[in-house]
Every structure is written in structure tokens, then in C-alpha cells.
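Participant: If you count by our numbering, then the sequence shown holds residues 490 to 586, one letter each, in order.
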Amino acid sequence: MRNSFILGLGCLLVVALTAMFLQDPAIFYTYAGIFGLIFTGVAAILSGSSVSGDRARANYRISTAKDRAARGKWATYCSLIGFPNLLLAAVVYFSSL
């Protein structure tokens with residue numbers, strides 16, 4: 490789990506260095522926000538939180554415990570990649586207003 494958080498910070502660092510090199514803070518919050526939304530969306534899809542109750546029950550009955558554990562693990566990894574990007578994109582956006 491630590492590696493996925495570090496990967497998220499690495500993406501954030503690349504975007505920050507690019508924005509500093511081009512001297513445009515809009516690049517930072519745009520691309521960091523896009524990365525954050527993509528990975529948070531993937532985490533929501535993998536966790537099954539974006540489906541209705543009847544579909545969640547059907548998915549639960551079809552999948553095995555091993556599959557659910559793997560999806561949960563990947564959802565956690567994706568959320569740990571996306572969270573720092575979303576957080577700092579919001580901080581930079583609201584501080585530049």
C-alpha cells in the first residue's frame with residue numbers, strides 16, 4: 490500500500506515540476522485533478538460502490554471471496570494513488586483564486 494501512495498506522489502511530483510517549468514499553476518491543478526479523478530473513479534468501480542443494491546447483491550453472489558479481496562485491494566491502491574492528487578489539486582486551485 491505504501492508503494493501505491495508513493496506512486497501517487499510521484500505522479501504529483503512530475504505534474505508539479507512540469508507546472509513549475511512552464512510557470513503555469515493551471516497545469517498543476519488540471520492534470521493533478523484529472524489523475525485524481527481517474528484513479529478515484531477506478532477505485533469506485535472496483536469497490537462496487539457505484540452500482541445499485543440489486544446489482545451489488547448479484548455481483549456478490551457471482552464472485553468468490555478471493556475475487557472480492559483482489560478487487561478491494563486494487564480499489565485501495567487506486568484510491569491511494571488518486572487521493573493525494575485530488576487533495577493537492579484542490580489546495581492549489583483554491584489558493585490561486
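Even for Gly, the Cβ is constructed at its ideal location relative to N, Cα and C.
Excluding the 5 residues flanking L498 on each side, which residues of the same chain have their C-beta closer than 7 Å to its C-beta?
Facilitator: As a first step, residue 498 is located in the sequence shown; it is residue number 9 there, counting from the start. Excluding sequence neighbours, L498 sits near P573.
Participant: Quick check on the DSSP output: the alpha helix (DSSP H) that includes D513 runs from which residue to which?
Facilitator: In the sequence shown, residue 513 corresponds to position 24, counting from 1. Careful: D513 lies outside any alpha helix (DSSP H) and carries neither H nor E.
Participant: What does a CB cutoff of less than 6 Å around F524 pick up in its chain, not counting 5 residues either side in sequence?
Facilitator: As a first step, residue 524 must be located in the sequence shown, where it is residue number 35. Here the set comprises C500, N574.
Participant: On a CA-only basis, which of Y582, F583, T565 is nearest M490? Give me that one, please.
Facilitator: Numbered from 1 along the sequence shown, position 1 holds the residue referred to as residue 490. The candidate whose alpha carbon is nearest that of M490 is T565.
Participant: Where are the beta strand (DSSP E) runs, 3 residues long or more, that stay fully inside the stretch 538-575, in chain order?
Facilitator: Complete beta strand (DSSP E) runs here, min 3: none at all.
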